[in-house]
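Chemist: Numbering-wise (full-length UniProt numbering), the sequence shown opens with residue 1 and increments by one. For every residue, glycine included, the Cβ atom is placed at its ideal position computed from N, Cα and C.
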Amino acid sequence: MNAHDRDLTGADIAKLHYGDGDFAVLRPGRYVLCAVSGAKIPLEQLRYWSAPLQEAYAGPAEALKRWQDTQES
């Protein structure tokens with residue numbers, strides 16, 4: 001997350017653009033949803049995402065699951 005992206009006073013769910021090593025807040029919010037489990041991920045706890053798929057993951061298990069699913073296609 002970049003320093004200028006820290007205004008999280010908007011709606012509950014945020015809209016982000018995921019980069020290779022960081023993300024940019026497009027719409028402020030407090031959390032995003034895990035693409036695999038649907039769990040709420042507070043932005044300050046977001047550590048796993050896919051830049052190519054533009055998806056967030058709650059943890060390493062969910063990120064691995066999504067990666068495995070994309071390899072089967």
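Give the secondary structure of proline 60 by DSSP, where H, G and I count as helix, E and B as strand, and everything else as coil.
Modeler: Here the question's residue 60 lines up with position 60 in the sequence shown. Three-state result, proline 60: helix.
Chemist: Within its chain, find whatever has a CB closer than 7 Å to the CB of tyrosine 57; leave out the 5 residues flanking it on each side and keep chain order.
Modeler: Working through the sequence shown from its first residue, we reach residue 57 at position 57. Counting only Cβ-Cβ distances below 7 Å, and skipping sequence neighbours, we find Cys34, Ala35, Val36, Tyr48, Trp49, Ala63, Arg66.
Chemist: Alanine 61 to lysine 15, Cα distance in whole Å?
Modeler: For the purposes of this step, residue 61 is identified with residue 61 of the sequence shown, where counting begins at 1. For the purposes of this step, residue 15 is identified with residue 15 of the sequence shown, where counting begins at 1. In a straight line, the C-alpha of alanine 61 is about 23 Å away from that of lysine 15.
Chemist: Taking aspartate 20 as the reference, give the member of Glu72, Gln54, Thr70, Leu26 with the closest Cα.
Modeler: Your numbering for residue 20 matches position 20 in the sequence shown. The candidate whose alpha carbon is nearest that of aspartate 20 is Gln54.
Chemist: Does the distance from the CB of alanine 39 to the CB of tyrosine 18 come in under 8 Å?
Modeler: Within the sequence shown, numbered from 1, the residue matching residue 39 stands at position 39. Within the sequence shown, numbered from 1, the residue matching residue 18 stands at position 18. Cβ atoms of alanine 39 and tyrosine 18: not closer than 8 Å.
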